[in-house]
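Have a look at the structure below, then the notes.
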Amino acid sequence: MFVRLAAPSCVVPHRVGINCQVLAHHVSEVALMLLEAQSCLEYDDQDLPLDLPDLGLTYHAHLPLDLAWDTDLATTLAAIEALVQKIAFVRPWQYVLHPPAPGYLSTLAQHSPILAQSLSLENIRHADLVDIWDELASLQLGVCLDLGHMISYDQYHIVNLPGFFDRLRMLHVYGGESPQGHLGLHALPDAKILRDILFRLNRDCVVVVEIFHWEEFCRSLHMLRTWLDAWGIAHD
14 MFVRLAAPSC VVPHRVGINC QVLAHHVSEV ALMLLEAQSC LEYDDQDLPL DLPDLGLTYH
74 AHLPLDLAWD TDLATTLAAI EALVQKIAFV RPWQYVLHPP APGYLSTLAQ HSPILAQSLS
134 LENIRHADLV DIWDELASLQ LGVCLDLGHM ISYDQYHIVN LPGFFDRLRM LHVYGGESPQ
194 GHLGLHALPD AKILRDILFR LNRDCVVVVE IFHWEEFCRS LHMLRTWLDA WGIAHD
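Residues are numbered in this note's numbering as their position in the sequence shown, beginning at 1, plus a constant of 13.
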């Protein structure tokens, strides 16, 4: 198994392009955090410079958090499609989505079958993937395990869902949630939680250090590399 280390595209207080230039010296992959549909649809080449593919980075994308599945499905599907087209030039290998209510994933897969081939669902505070698991599995979708959500909201049970580790594509790691945001890895209750998950994987995996403050990101990235070395897990 090999772990590829990644960072979110909003670690330093600049546009996406500047973040990617900075992060290219520290990680091999960047998660494009497209968290607000309309504002991200309005990105120009100052936000998404055309030279992003030349930075030597691999990319994946986190789709918006504000999608109106229940109230405006047509607009939601159109927004996802437009965002996918907007960033196609960086060739993202995966798209992460917060889970909608049961049924909508099937609609999305029918509307965008190519996207569905590289779509992973993330566990969040009020949606631990259990309610959509059968649908997710039937559509052959992936999983993005958010370790901070799992710890903060007592979602340890989800790793026992049938076939969970066969579907796990990436992890979001940080020390847990707080009123101030994502905590550094120093706050992780026990590093063995992460170690045990990685040891159960039977494939290469992307681990995103999902921390949005530069100094803490750097500290946590160094801590993660130290752990991986101690555990004998190959990484970049």
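Ideal Cβ positions, reconstructed from N, Cα and C, are used throughout, including at glycine.
From a predicted model like this one, the values you see are computed outputs, not experimental measurements.
In summary, P77 is buried, with 16 or more beta-carbon neighbours lying within 10 Å of its beta-carbon over all protein chains present.
By the criterion of a C-beta distance shorter than 8 Å, E148 is surrounded in its chain by P115, G116, L118, S119, once the five residues flanking it on both sides are discounted. Between A19 and V35, the C-beta gap is not smaller than 8 Å, which leaves the two residues out of contact.
Secondary structure at A19: strand, using DSSP grouped into helix, strand and coil. L184 is positioned such that its CB atom lies no closer than 8 Å to that of V143. Note that the C-beta distance between S22 and A37 is not below 8 Å. When DSSP states are grouped into helix, strand and coil, A37 belongs to the coil group. Around the C-beta of E228, fewer than 16 other C-beta atoms lie within 10 Å, and the residue is accordingly described as exposed. The continuous beta strand (DSSP E) containing M183 extends over residues 181-186. Each residue's CA atom was taken as its position, placing E135 and L128 some 16 Å apart. Here DSSP, grouped into helix, strand and coil, assigns S125 to coil.
In this chain, the beta strand (DSSP E) harbouring G155 covers 155-159.
Rounded to the nearest angstrom, the gap between the Cα atoms of W240 and D85 is 45 Å. Judged by their CB atoms, Y56 and K99 are nearer to each other than the 8 Å cut-off.
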